[in-house]
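Engineer:
Number of protein chains: 2
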Amino acid sequence: MNRQQLVNQIKQKKSFLCVGLDTDISLIPSFLLDFADPVFEFNKRIIDATHDLCVAYKPNSAFYESRGIAGWQSLIMTSQHIPKTCLGLIDAKRGDIGNTSTMYAKAFFDKESSGMSFDAITVAPYMGIDSVKPFLEFEGKWVVLLALTSNEGGKNFQFLTTGEQRLFETVIDTANTWAGNDRIMYVVGATRSEEFINIRKHAPDHFLLVPGIGAQGGSLQEVAKFGINNDCGLLVNSSRSIIYASRGEDFAEKAREEALKLQQEMSHILEENNLI
Amino acid sequence: MNRQQLVNQIKQKKSFLCVGLDTDISLIPSFLLDFADPVFEFNKRIIDATHDLCVAYKPNSAFYESRGIAGWQSLIMTSQHIPKTCLGLIDAKRGDIGNTSTMYAKAFFDKESSGMSFDAITVAPYMGIDSVKPFLEFEGKWVVLLALTSNEGGKNFQFLTTGEQRLFETVIDTANTWAGNDRIMYVVGATRSEEFINIRKHAPDHFLLVPGIGAQGGSLQEVAKFGINNDCGLLVNSSRSIIYASRGEDFAEKAREEALKLQQEMSHILEENNLI
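Take a look at the structure:
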């Protein structure tokens with residue numbers, strides 16, 4: 681999915697919601713455990729119930745890897761079930777030297793190699809340009825680079841002053857020279873909403889992937905107020921508050937209700953900003 | 681494998697060699713492709729031929745993930761074949777917010793969850809303390825934190841000045857407060873041998889995992905000269921120059937010859953430093 685297609689989906693669905701598929705087998709409704717692949721069955725029903733209300737799905741790789749082969753199988757099946765009207769974003773936070781990053785890119789972008797063909801992947805910046813470029817060599821795919829993360833430990837290094845600015849700002853300025861805003865997005869945690877004005881000075885036109893709404897305490901209104909741009913430029917992620925809205929047989933229905941609440945709030949925001 | 685056991689293995693084998701299992705199915709001898717799991721068969725023969733000459737094996741996760749389910753299966757089988765006399769180190773460069781890092785730890789440390797039980801994992805520092813601590817909560821397991829990597833792009837951010845020192849030095853100083861040198865090692869690339877004196881000011885007693893010998897151009901002599909400490913404190917990795925020493929049926933034999941050359945050089949270094 682390229683940038684224009686993403687913007688079109690946002691306007692059409694009046695939503696910039698990303699649903700995080702951090703699916704923990706110990707937290708899904710117990711009746712699903714009778715299925716051959718309970719995690720995929722859960723994800724499938726969540727996707728089927730919400731795909732008209734969101735523009736992206738973001739499975740976090742760790743939740744699948746923790747279950748070994750079975751988990752990897754659930755992830756492959758899930759990747760194949762994400763509809764073309766939604767960005768498939770694998771939250772894997774990878775990054776290694778060049779030839780190794782190419783292997784990671786194959787793992788998540790090249791269906792013939794691995795069974796998976798996501799549109800985008802989260803990447804950690806610490807190893808620099810040659811850890812990021814191999815992902816960009818896959819045509820039409822996105823790198824979503826960690827800039828300012830929502831967790832407490834994000835402050836350990838990301839806020840360090842490097843020259844006249846902080847590390848996360850230098851990461852953004854540097855990565856801006858590696859590819860355009862049609863190939864790179866940045867992760868900016870919703871728990872740092874006071875930083876969005878500042879982030880927009882460094883990346884005015886980029887899309888930002890914003891985790892931390894809901895369970896982690898970030899505010900959608902705050903994020904939108906300071907972070908929205910002329911193309912919306914935001915993908916706001918919610919995981920637990922949607923997918924675990926109910927632990928009963930009605931989990932997909934309740935997930936839809938939660939997604940709908942966020943979509944309606946987003947629709948207002950898009951209207952207020954004359955984007956729809 | 682705890683620190684004392686690792687030191688004992690180093691003294692007993694007169695070696696601080698780590699063999700990197702960056703096994704690319706397109707580079708292994710073609711006769712192996714007739715086996716049910718060619719990559720595992722390759723790794724098995726490499727391990728069987730070299731385990732008395734090295735103290736660690738380091739499969740890089742990317743090479744396995746790129747092949748989807750089949751690759752994950754090869755990785756599980758490989759992890760189970762690493763003998764107890766060698767540290768099993770998964771080079772996965774993971775790191776995420778707390779509950780997600782716990783999932784990554786389960787993936788690589790908890791055999792009941794995933795089929796794998798490595799002794800150590802490489803972790804990226806960008807997300808800070810809560811991305812690292814969950815790995816340390818698994819008793820007896822090691823975190824090998826990226827500090828100064830061997831690749832060109834390592835300079836992009838790791839060399840930035842933060843206060844009175846560079847980012848990689850601040851990463852080391854900070855992580856030193858998270859756990860002792862019996863639980864954390866640091867990655868320091870062999871291509872940066874001029875930095876080892878400096879690194880030892882920040883981490884005098886830690887073990888350092890040193891990639892970049894061989895194909896990447898680092899010098900074992902230089903690394904040892906400036907990096908060795910009273911417990912040796914080095915795990916020097918070599919991947920391609922050992923595992924691809926021959927592409928013929930004699931690949932395991934030739935791998936042993938290359939490993940033996942390094943082990944002999946290491947034995948001299950250990951003697952010169954009165955460590956054996």
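In order, the protein sequences belong to chains H and U.
What the first sequence shows, in the working numbering, is residues 681 to 956, in sequence order.
What the second sequence shows, in the working numbering, is residues 681 to 956, in sequence order.
Beta carbons are placed, not taken as given, at the ideal position from N, Cα and C, and that holds for glycine.
Remember, predicted model here, so these are calculated numbers, not experimental data.
Does DSSP put Ser797(U) in a helix, a strand or coil?
Structural biologist: Taking the first residue of the second sequence as position 1, residue 797(U) is located at position 117. DSSP places Ser797(U) in coil when its eight states are reduced to three.
Engineer: Could you give the distance in angstroms between the alpha-carbon of Ser919(H) and the alpha-carbon of Ala736(H)?
Structural biologist: On the first sequence, residue 919(H) is found 239 positions in, with the first residue counted as 1. On the first sequence, residue 736(H) is found 56 positions in, with the first residue counted as 1. Rounded to the nearest angstrom, the two C-alpha atoms are 12 Å apart.
Engineer: Ignore the nearest five residues each way along the sequence and tell me which others in Phe876(U)'s own chain have a CB closer than 6 Å to its CB.
Structural biologist: Counting from one through the second sequence, the residue named residue 876(U) turns up at place 196. So the qualifying residues of the chain are Phe906, Gly907.
Engineer: Applying a beta-carbon distance threshold of less than 9 Å, which residues of chain H neighbour Pro740(U)?
Structural biologist: Taking the second sequence and counting its residues from 1, the one referred to as residue 740(U) is at position 60. Reading off the sequence, residue 740(U) comes out as Asn, not Pro. Those within 9 Å of Asn740(U) in chain H are Asp776, Thr780, Met783.
Engineer: Does the CB of Lys934(U) have a neighbour CB from chain H at under 9 Å?
Structural biologist: The residue given as residue 934(U) occupies position 254 in the second sequence. Lys934(U) does not count as touching chain H.
Engineer: Bridge partners of Arg736(H), per DSSP?
Structural biologist: Along the first sequence, read from residue 1 onward, the residue named residue 736(H) stands at position 56. First, the amino acid is wrong: residue 736(H) is Ala here, not Arg. According to DSSP, Ala736(H) bridges with Cys698(H), Leu767(H).
Engineer: Is there at least one Cβ from chain H nearer than 9 Å to Gly860(U)'s Cβ?
Structural biologist: On the second sequence, residue 860(U) is found 180 positions in, with the first residue counted as 1. Cβ-Cβ to chain H under 9 Å: no for Gly860(U).
Engineer: Looking only at its own chain, which residues have a Cβ that is under 8 Å from the Cβ of His761(H), when we skip the five neighbours before and after it?
Structural biologist: In the first sequence, the residue the question calls residue 761(H) occupies position 81. Excluding sequence neighbours, His761(H) sits near Phe720, Asn723, Lys724, Ile727.
Engineer: Would you call the CB atoms of Ser759(U) and Ser797(U) closer than 9 Å?
Structural biologist: Locating residue 759(U) in the second sequence gives position 79, where the first residue counts as 1. Locating residue 797(U) in the second sequence gives position 117, where the first residue counts as 1. Yes; because the gap between Cβ atoms is below 9 Å, this pair is in contact.
Engineer: Does chain U have any CB closer than 9 Å to the CB of Pro718(H)?
Structural biologist: As a first step, residue 718(H) is located in the first sequence; it is residue number 38 there, counting from the start. Chain U, which has no Cβ nearer than 9 Å to the Cβ of Pro718(H), makes this no.
Engineer: Using only CA atoms, which one of Gln689(U), Gly913(U), Thr829(U), Glu951(U) lies nearest to Gly869(U)?
Structural biologist: As a position in the second sequence, residue 869(U) is number 189, starting the count at 1. Of Gln689(U), Gly913(U), Thr829(U), Glu951(U), the residue nearest in Cα terms is Thr829(U).
Engineer: Compare the C-beta of Ala736(H) with all C-beta atoms of chain U and state if any pair is closer than 9 Å.
Structural biologist: One-based indexing of the first sequence puts residue 736(H) at position 56. Ala736(H) does not count as touching chain U.
Engineer: Determine the contact status of Leu701(H) and Pro763(H), defining contact as a CB-CB distance below 9 Å.
Structural biologist: Against the first sequence, residue 701(H) aligns to sequence position 21. Against the first sequence, residue 763(H) aligns to sequence position 83. In this structure, Pro763(H) does not lie closer than 9 Å to Leu701(H) by Cβ.
Engineer: Please confirm if Ala729(H) has its CB atom under 9 Å from at least one CB of chain U.
Structural biologist: Position 49 of the first sequence, counting from 1, holds the residue named residue 729(H). It does not: the Cβ of Ala729(H) has no partner Cβ on chain U nearer than 9 Å.
Engineer: The ligand MN and Asn723(H): does the residue's C-beta get closer than 8 Å to at least one heavy atom of that ligand?
Structural biologist: Ligands are entirely absent from the displayed structure, and the ligand MN is therefore not among its contents.
Engineer: In angstroms, rounded to a whole number, what distance separates the CA positions of Gly820(U) and Phe743(H)?
Structural biologist: By one-based count along the second sequence, residue 820(U) stands at place 140. By one-based count along the first sequence, residue 743(H) stands at place 63. Their Cα atoms are separated by approximately 23 Å.
Engineer: In the DSSP output, which residue or residues are listed as bridge partners for Leu826(U)?
Structural biologist: As a working mapping, residue 826(U) is identified with position 146 in the second sequence. According to DSSP, which records beta bridges pairwise, Leu826(U) is partnered with Val867(U).
Engineer: Any beta carbon from chain U within less than 9 Å of Gln838(H)'s own beta carbon?
Structural biologist: Start at 1 with the first residue of the first sequence, and residue 838(H) comes out as number 158. Closer than 9 Å to some Cβ of chain U, the Cβ of Gln838(H) qualifies, so yes.
Engineer: Looking at chain H, is there any beta carbon in it that lies within less than 9 Å of the beta carbon of Met796(U)?
Structural biologist: Residue 796(U) sits at position 116 when you count from the first residue of the second sequence. True, the Cβ-Cβ gap to chain H drops below 9 Å.
Engineer: Kindly confirm or deny that the segment 850-860 of chain H and the segment 909-918 of chain H touch, where touching means at least three C-beta pairs closer than 8 Å.
Structural biologist: Counting Cβ pairs under 8 Å, fewer than three are found: no touch.
Engineer: Identify each residue in the segment 800-821 of chain H for which the Cβ-Cβ distance to at least one residue of chain U is less than 7 Å, and report them in chain order.
Structural biologist: Those residues of the segment 800-821 of chain H that come within reach of chain U (Cβ to Cβ, closer than 7 Å) are Ala804, Pro805, Tyr806, Met807, Gly808, Ile809, Asp810, Ser811.
Engineer: List the residues of chain U whose Cβ lies closer than 9 Å to the Cβ of Phe743(H), in chain order.
Structural biologist: Stepping through the first sequence from its first residue, residue 743(H) is reached at position 63. Chain U residues near Phe743(H): Thr780, Met783.
Engineer: Assuming Ala772(H) and Ser741(H) are in contact, meaning their beta carbons sit under 8 Å apart, how far apart are those beta carbons, in whole angstroms?
Structural biologist: Taking the first sequence and counting its residues from 1, one reaches residue 772(H) at position 92. Taking the first sequence and counting its residues from 1, one reaches residue 741(H) at position 61. Confirmed, about 4 Å.
Engineer: Any Cβ of chain H within less than 9 Å of the Cβ of Asn831(U)?
Structural biologist: Taking the first residue of the second sequence as 1, we reach residue 831(U) at position 151. Closer than 9 Å: yes.
Engineer: Count the other CB atoms, across all protein chains shown, that sit within 10 Å of the CB of Ser710(H); report buried if there are 16 or more and exposed otherwise.
Structural biologist: Along the first sequence, read from residue 1 onward, the residue named residue 710(H) stands at position 30. Per the 10 Å Cβ criterion, exposed.
Engineer: Do the CB positions of Asp799(H) and Leu767(H) come within less than 9 Å of each other?
Structural biologist: If you number the first sequence from 1, residue 799(H) lands on position 119. If you number the first sequence from 1, residue 767(H) lands on position 87. Yes, they are a contact pair.
Engineer: My output table needs one value for Leu840(H): the three-state DSSP class, helix, strand or coil.
Structural biologist: Working through the first sequence from its first residue, we reach residue 840(H) at position 160. Looking at Leu840(H) - three-state DSSP - the assignment turns out to be coil, as it is neither helix nor strand.
Engineer: Kindly indicate which three-state DSSP category Arg936(U) falls into: helix, strand or coil?
Structural biologist: Within the second sequence, residue 936(U) is the residue found at index 256, counting from 1. DSSP places Arg936(U) in helix when its eight states are reduced to three.
Engineer: Looking at the unbroken alpha helix (DSSP H) that takes in Leu900(H), where does it start and where does it end?
Structural biologist: As a first step, residue 900(H) is located in the first sequence; it is residue number 220 there, counting from the start. Element bounds for Leu900(H): 900-907.
Engineer: Beta-carbon within less than 7 Å of Phe818(U)'s beta-carbon, same chain only, minus the 5 sequence neighbours each way: which residues are those?
Structural biologist: Locating residue 818(U) in the second sequence gives position 138, where the first residue counts as 1. The residues are Ala785, Phe789.
Engineer: Which residue marks the beginning of the beta strand (DSSP E) containing Leu713(H), and which one marks its end?
Structural biologist: Within the first sequence, residue 713(H) is the residue found at index 33, counting from 1. No beta strand (DSSP E) contains Leu713(H), which DSSP labels as neither H nor E.
Engineer: I believe Thr730(H) touches Ala935(H) by the beta-carbon criterion, under 8 Å. Please report the beta-carbon distance rounded to the nearest angstrom.
Structural biologist: Within the first sequence, residue 730(H) is the residue found at index 50, counting from 1. Within the first sequence, residue 935(H) is the residue found at index 255, counting from 1. With 8 Å as the limit, Thr730(H) and Ala935(H) qualify as a contact, their Cβ atoms being about 6 Å apart.
Engineer: Please confirm whether Arg872(H) has its beta-carbon closer than 9 Å to some beta-carbon of chain U.
Structural biologist: Position 192 of the first sequence, counted from the first residue, corresponds to residue 872(H). By this cut-off, Arg872(H) is not an interface position.
Engineer: Is the distance from the Cβ of Val903(U) to the Cβ of Met865(U) below 9 Å?
Structural biologist: Taking the first residue of the second sequence as position 1, residue 903(U) is located at position 223. Taking the first residue of the second sequence as position 1, residue 865(U) is located at position 185. No, the Cβ-Cβ distance between Val903(U) and Met865(U) is not below 9 Å.
Engineer: According to DSSP, is Ala772(H) helix, strand or coil?
Structural biologist: Taking the first sequence and counting its residues from 1, one reaches residue 772(H) at position 92. It is a strand residue.
Engineer: Between which two residues does the beta strand (DSSP E) containing Ser918(H) stretch?
Structural biologist: Working through the first sequence from its first residue, we reach residue 918(H) at position 238. Taken as a continuous stretch (DSSP letters only), the beta strand (DSSP E) holding Ser918(H) covers 914-918.
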